[in-house]
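*Asks:* My structure is below; once you've seen it, I'll send some questions.
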Amino acid sequence: MLERIFEEKSVLGVSVAILVVVFTLLFWLLKRSKSIKKCILLVGASNSGKTRIFCQLLYKKNLFSQISIVSNQGEALIEENGKKKLVSLVDIPGQDKVRRKFFSLHKKTAKGLVFLIDSSTFQKEIKDVAQFLFEILTDDQLAKSKMNLLIACNKQDIDLSKGQAFIKSNLEKEIELLRKISGSALQSTGSSGESKINFESLLKNNKKQFEFSNLKYFNVDFCETSCSQEDEKLFDLKNWLLIN
Amino acid sequence: MLDLFTIFSKSGIVLWYFQGTSDLFTNTVNELIKNVILQERAVQSVWNNNSLSLQYRLDNEFELVFVVAYQNILKLTYIDKFLTEIQLRFRDKYKQAIQNCQFANDFGDFKQDFDEILESCEREAEQLAQVQRKPRKYEESEKSSKTVASMIETKTTFIGNLIQSATGVEKKSEEVENLSANLSDNFEDKKIVSPGPRQMRRFEPKSKKNPASPQAKAKGKEPKKWVESIDMNSLDYSEQNKSSEDLVNSQYASKKDIGTLAGSLKPIEVDYDDQEDLIEEKKNKSKPVSKQNGAKQSGLFGSLKNMIGGKVMTKETIEPIMEKMHDHLVAKNVAAEISRKICENVAQNLEGKHFSSFQFATSIIKQALHESMVQILTPKRRVDILRDVFETQKQKRPYVIVFCGVNGVGKSTNLAKITFWLIENNFKILIAACDTFRSGAVEQLKTHMRHLNALHPPENHAGNTMVELFEQGYGKDPAAIAHDAISYAKDMNRDVVLVDTAGRMQDNEPLMKALAKLINVNNPDLVLFVGEALVGNEAVDQVTKFNQALIDNSPVKTTNPDLVRTIDGIVLTKFDTIDDKVGAAISMTYTTGQPIVFVGTGQTYADLKSLNAESVVKSLLK
Numbered sequence: 001m002l003e004r005i006f007e008e009k010s011v012l013g014v015s016v017a018i019l020v021v022v023f024t025l026l027f028w029l030l031k032r033s034k035s036i037k038k039c040i041l042l043v044g045a046s047n048s049g050k051t052r053i054f055c056q057l058l059y060k061k062n063l064f065s066q067i068s069i070v071s072n073q074g075e076a077l078i079e080e081n082g083k084k085k086l087v088s089l090v091d092i093p094g095q096d097k098v099r100r101k102f103f104s105l106h107k108k109t110a111k112g113l114v115f116l117i118d119s120s121t122f123q124k125e126i127k128d129v130a131q132f133l134f135e136i137l138t139d140d141q142l143a144k145s146k147m148n149l150l151i152a153c154n155k156q157d158i159d160l161s162k163g164q165a166f167i168k169s170n171l172e173k174e175i176e177l178l179r180k181i182s183g184s185a186l187q188s189t190g191s192s193g194e195s196k197i198n199f200e201s202l203l204k205n206n207k208k209q210f211e212f213s214n215l216k217y218f219n220v221d222f223c224e225t226s227c228s229q230e231d232e233k234l235f236d237l238k239n240w241l242l243i244n
Numbered sequence: 245m246l247d248l249f250t251i252f253s254k255s256g257i258v259l260w261y262f263q264g265t266s267d268l269f270t271n272t273v274n275e276l277i278k279n280v281i282l283q284e285r286a287v288q289s290v291w292n293n294n295s296l297s298l299q300y301r302l303d304n305e306f307e308l309v310f311v312v313a314y315q316n317i318l319k320l321t322y323i324d325k326f327l328t329e330i331q332l333r334f335r336d337k338y339k340q341a342i343q344n345c346q347f348a349n350d351f352g353d354f355k356q357d358f359d360e361i362l363e364s365c366e367r368e369a370e371q372l373a374q375v376q377r378k379p380r381k382y383e384e385s386e387k388s389s390k391t392v393a394s395m396i397e398t399k400t401t402f403i404g405n406l407i408q409s410a411t412g413v414e415k416k417s418e419e420v421e422n423l424s425a426n427l428s429d430n431f432e433d434k435k436i437v438s439p440g441p442r443q444m445r446r447f448e449p450k451s452k453k454n455p456a457s458p459q460a461k462a463k464g465k466e467p468k469k470w471v472e473s474i475d476m477n478s479l480d481y482s483e484q485n486k487s488s489e490d491l492v493n494s495q496y497a498s499k500k501d502i503g504t505l506a507g508s509l510k511p512i513e514v515d516y517d518d519q520e521d522l523i524e525e526k527k528n529k530s531k532p533v534s535k536q537n538g539a540k541q542s543g544l545f546g547s548l549k550n551m552i553g554g555k556v557m558t559k560e561t562i563e564p565i566m567e568k569m570h571d572h573l574v575a576k577n578v579a580a581e582i583s584r585k586i587c588e589n590v591a592q593n594l595e596g597k598h599f600s601s602f603q604f605a606t607s608i609i610k611q612a613l614h615e616s617m618v619q620i621l622t623p624k625r626r627v628d629i630l631r632d633v634f635e636t637q638k639q640k641r642p643y644v645i646v647f648c649g650v651n652g653v654g655k656s657t658n659l660a661k662i663t664f665w666l667i668e669n670n671f672k673i674l675i676a677a678c679d680t681f682r683s684g685a686v687e688q689l690k691t692h693m694r695h696l697n698a699l700h701p702p703e704n705h706a707g708n709t710m711v712e713l714f715e716q717g718y719g720k721d722p723a724a725i726a727h728d729a730i731s732y733a734k735d736m737n738r739d740v741v742l743v744d745t746a747g748r749m750q751d752n753e754p755l756m757k758a759l760a761k762l763i764n765v766n767n768p769d770l771v772l773f774v775g776e777a778l779v780g781n782e783a784v785d786q787v788t789k790f791n792q793a794l795i796d797n798s799p800v801k802t803t804n805p806d807l808v809r810t811i812d813g814i815v816l817t818k819f820d821t822i823d824d825k826v827g828a829a830i831s832m833t834y835t836t837g838q839p840i841v842f843v844g845t846g847q848t849y850a851d852l853k854s855l856n857a858e859s860v861v862k863s864l865l866k
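Shown next, in the form of structure tokens:
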């Protein structure tokens, strides 16, 4: 009886097609599940030391770096206190011209963010740094699920660099000001078409001044880092990477 | 002889470097990246920075950059060849390492290859120079091959040579002889006599011979009657005889616009009525996966792509497609020169890149062009005027913006729109009327001031008058008026000073000098160039000449070139008149390298938007 059914060519053709479609779907689903949310993104303003830290973590070598035009991707073996973990890192270029492109490219696969700040030039660049941080905090794709954010105050080896407490309080004041400016604008689009959420909806408590602990969708930590050869200080960063 | 040579990956890691001097090279190379590579101006062969000349080569397959720097005064001719050879040698030697991104490898043994190639290039250049420097021997010159008889010039040969050089056609000797016979007749017979004193008298004015009728002259000219009866009083707009209701519901604004512009400006949306694109947009909204980078295909084809062999982008594949793209962009009102440069830059960035056989070259080039243009339109620094005004408020001084541009682009109109936006954000404005040339300029600003104050009366803003006008009539020096306006604003605690200048053509040197003087004397926080979106190739000329005039007339040009004030931003006006031919945005941004800060989309106060790079580029490439 089966032979009679399969004798009709159309039935044979249809069943083969269905089988192919089923296999394709299975294959595609398998592939897709591998690429979701497993990277840690290194972001920050230009010259904050992202590429240096990337090299340090990946190659354990202190290499010279220039302005990045494209992103760096790689798997780093992080070892600290006897614990080991393979972490997938992505270093997003910090230049204004290219950072939005690479950030929107990689944010889908991000499960955590490390925001690097150049502590020695922080006072001069605070407006740019705060603007970038504000953009990250109001990004609608990141706000869909809880995200861990580490704000690393880099270049601590330089004498005049500020400590994390100073940076934290100043950033909070800046973001409070940016929140006042963005005002009552409802959901809007950014200048490159990404969707931005009203900042007020991202806070647990609207009435207070802005504080990092007040964010609904971000778990913010601070740490100090330095990757100079004489005074390497990466254990806070490494511990955070091991936990997240 | 080379000051510096480095090889680094596009992602920023330095693989190998050679330093001829002891200065740190990072800053110089960073300047090159910021000003040339990131600005998509890749086509220049040599880039000068202070006393150094830099040349570079991009390797698009392995994402590497090779940079050479040498002193300006040395004119080294072998650099192109040198870069090509080094590139090939490095690739061949370290192919494995680069492909696997093992950037931590020790590339130290490349020094020998580098020295070898440098030596051979220098030697070849020397030899070439030697050959050129030696003077030719007599036997080699042309003269030695000619006979003496052939070199004697007669009239016929002279005229024959003239004809040949003029028309490029060699005439036969008989024709030349006939021609020369005719011409020599003309030359010899005509006696050109200079007008003697007697002849000169013929040209004296004959005023005494034709007296005009005295009666007609005494009356003088009568004004021409266009309309039978005009009431002169109804044409007099100088008095404040309009009620505030009229002002609020005028052509410029209505009550419903109040409160709509608080916060940052909304970005512009360019509509293009193409059915297919509407469908594509709907698809994009449902799927959160963004297709911004064509290389990230869905997993299915991605793995297959790696299995099947790929093709390489060559000049032959790129060129015809680039021609079409160039024509397309010019049709969309991008300046021809700019379109050519952008296409060449994209071609340079794509050469040597590998792509799979599943992808079409056209789509890859289109994608690369899209990314390149979005990058051009993306600002290279933070643009947030509201934040900067808060900053100057803290410093207890006014934030000064100067508007400049050619005639009729919409400076005063957009100044009024920006004033409205700033008032919505609760800042007190002072408008400085530095257009002392055009009739009615001051009255125009007065009218705007009255409208704006009617829309935002002092009662709503704690008793402060939100807009004031500082004017000193017509004919005075604009730089002095601006200076007085700024000190007035400082005394009266105004937050922002908007300076309106007269429109001027970019070729008018005295006016450009005056503008440069205004800017240098008053040192504003922001110099905005106002350009209309309708302009085509003229945009490049306008912006270049304005910028150049500001640089040339700057007092600190030689002492401190970093402090020279040039155009800081662009206001693109009349955007509502161009539908989807938005190319002027690209032309202006590419020429100056400065961002578009405002976009004007109409003549009412609420028609002010910010630039949306994606939307503009999408409509450009449709």
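Chains as they are written, first to last, in this note's numbering: chain P, 1 to 244; chain C, 245 to 866.
Glycine residues also receive a C-beta, built at the ideal position from the N, C-alpha and C atoms.
Compare the C-beta of residue 154 (chain P) against all C-beta atoms of chain C and say whether one is closer than 8 Å.
*Replies:* No, its Cβ sits nowhere closer than 8 Å to a Cβ of chain C.
*Asks:* Anyone know if the C-beta pair for residue 664 (chain C) and residue 696 (chain C) falls short of 8 Å?
*Replies:* Yes, they are a contact pair.
*Asks:* Can you pull the chain P neighbours of residue 273 (chain C), defined as C-beta to C-beta under 9 Å?
*Replies:* The answer, in chain order, is 66 and 67.
*Asks:* Tell me whether residue 834 (chain C) is buried or exposed, calling it buried when 16 or more other Cβ atoms sit within 10 Å of its Cβ.
*Replies:* So residue 834 (chain C) ends up on the buried side.
*Asks:* Kindly provide the ranges of any alpha helix (DSSP H) runs that are 4 or more residues long and lie completely inside the region 316 to 397 of chain C, ordered along the chain.
*Replies:* DSSP runs (the alpha helix (DSSP H)) wholly in the region 316 to 397 of chain C: 323 to 343, 354 to 377 and 392 to 395.
*Asks:* For residue 643 (chain C), list the residues DSSP reports as bridge partners.
*Replies:* Answer is C:740.
*Asks:* Against chain C, does residue 227 (chain P) count as a neighbour if the rule is that its beta carbon must be under 8 Å from one of theirs?
*Replies:* Taking Cβ atoms only, chain C never reaches closer than 8 Å to residue 227 (chain P), which makes this a no.
*Asks:* Spell out whether any CB of chain P is found under 8 Å from the CB atom of residue 282 (chain C).
*Replies:* Yes - at least one Cβ of chain P is within 8 Å of the one on residue 282 (chain C).
*Asks:* Between which two residues does the alpha helix (DSSP H) holding residue 665 (chain C) run?
*Replies:* Taken as a continuous stretch (DSSP letters only), the alpha helix (DSSP H) holding residue 665 (chain C) covers 655 to 668.
*Asks:* Between the region 811 to 819 of chain C and the region 766 to 775 of chain C, do three or more beta carbon pairs fall short of 8 Å?
*Replies:* Judged by Cβ distances under 8 Å, the region 811 to 819 of chain C makes contact with the region 766 to 775 of chain C, as three or more pairs qualify.
*Asks:* Which of the three DSSP states, helix, strand or coil, is assigned to residue 849 (chain C)?
*Replies:* Three-state result, residue 849 (chain C): coil.
*Asks:* Would you mind telling me which residues of chain C sit closer than 7 Å to residue 251 (chain P), beta carbon to beta carbon, in chain order?
*Replies:* Here chain P comprises residues numbered 1 to 244, so residue 251 (chain P) is not present and cannot be evaluated.
*Asks:* Taking Cβ positions only, does residue 582 (chain C) come closer than 8 Å to chain P?
*Replies:* Not one chain P Cβ lies under 8 Å of residue 582 (chain C).
*Asks:* Using DSSP bridges, identify the partner residues of residue 178 (chain P).
*Replies:* DSSP, once it has assigned bridges, lists no residue as partnering residue 178 (chain P).
*Asks:* Tell me the rounded alpha-carbon separation between residue 785 (chain C) and residue 756 (chain C).
*Replies:* Their backbone Cα atoms lie some 14 Å apart in a straight line.
*Asks:* Give, in chain order, every residue of the region 595 to 612 of chain C whose Cβ lies closer than 7 Å to some Cβ of chain P.
*Replies:* Cβ contacts with chain P: none found.
*Asks:* Is the region 114 to 126 of chain P touching the region 155 to 165 of chain P in the sense that three or more CB pairs, one from each, lie closer than 8 Å?
*Replies:* Segments in contact, yes.
*Asks:* Out of C:356, C:324 and C:274, state which residue places its alpha-carbon closest to the alpha-carbon of residue 290 (chain C).
*Replies:* Answer by Cα proximity: C:324.
*Asks:* Look at residue 853 (chain C) and residue 621 (chain C) and say whether their C-beta atoms are less than 8 Å apart.
*Replies:* The answer is no: Cβ separation not under 8 Å.
*Asks:* Quick one: which residues of the region 117 to 151 of chain P get their C-beta closer than 8 Å to a C-beta of chain C? List them in chain order.
*Replies:* Those would be 127, 128, 131 and 141, in chain order.
*Asks:* What's the gap between the Cα of residue 544 (chain C) and the Cα of residue 30 (chain P)?
*Replies:* With a pLDDT of only 49 at residue 544 (chain C), under 50, the local geometry of the prediction cannot be trusted, and the value read off the model is given with reservation. Taking the straight line from one Cα to the other gives about 10 Å.
*Asks:* DSSP three-state call for residue 671 (chain C): helix, strand or coil?
*Replies:* Coil.
*Asks:* Kindly indicate which three-state DSSP category residue 470 (chain C) falls into: helix, strand or coil?
*Replies:* Note: residue 470 (chain C) maps to coil in three-state DSSP.
*Asks:* So what's residue 306 (chain C) in DSSP terms, helix, strand or just coil?
*Replies:* Reduced to three states, the DSSP call for residue 306 (chain C) is coil.
*Asks:* Quick check: residue 331 (chain C) and residue 357 (chain C), are their CB atoms within less than 8 Å of each other?
*Replies:* Not a contact, by the Cβ cut-off of 8 Å.
*Asks:* Please return the same chain residues whose Cβ sits closer than 8 Å to the Cβ of residue 793 (chain C), not counting the five positions on each side in sequence.
*Replies:* Answer for residue 793 (chain C): 750, 753, 756, 757, 759 and 760, listed in chain order.
*Asks:* What's the call for residue 744 (chain C), buried or exposed, on a 16-neighbour Cβ count within 10 Å?
*Replies:* By the neighbour-count rule (16 or more Cβ atoms within 10 Å), residue 744 (chain C) is buried.
*Asks:* I want to verify the contact list: residues of chain C whose CB lies under 8 Å from the CB of residue 245 (chain P), in sequence order.
*Replies:* Any property of residue 245 (chain P) remains undetermined from this structure, which presents chain P solely from 1 to 244.
*Asks:* Helix or strand or just coil, what does DSSP make of residue 23 (chain P)?
*Replies:* In the structure shown, residue 23 (chain P) sits in a helix (DSSP, three-state: H, G or I).
*Asks:* Buried or exposed: where does residue 382 (chain C) fall if 16 or more other Cβ atoms within 10 Å of its Cβ makes it buried?
*Replies:* Per the 10 Å Cβ criterion, exposed.
*Asks:* Rounded to whole angstroms, what's the CA-CA distance from residue 349 (chain C) to residue 284 (chain C)? Just pull it up for me.
*Replies:* If I take the Cα positions, the gap works out to 30 Å.
*Asks:* Where does residue 832 (chain C) fall in DSSP's three states?
*Replies:* Residue 832 (chain C) falls in the helix class under three-state DSSP.
*Asks:* Can you grab the Cα-Cα spacing for the pair residue 66 (chain P) / residue 592 (chain C), in whole Å?
*Replies:* Going from the Cα of residue 66 (chain P) to the Cα of residue 592 (chain C) covers about 21 Å.
*Asks:* Answer with yes or no whether the minimum CB distance from residue 109 (chain P) to chain C is below 8 Å.
*Replies:* Judged by the 8 Å Cβ criterion, residue 109 (chain P) is not in contact with chain C.
*Asks:* What residues from chain C crowd round residue 157 (chain P), counting only those whose CB sits closer than 7 Å?
*Replies:* In chain order: nothing, as chain C lies at least about 17 Å away.
*Asks:* Taking C-alpha atoms, which residue in C:832, C:343, C:684 and C:698 lies nearest to residue 816 (chain C)?
*Replies:* Answer by Cα proximity: C:832.
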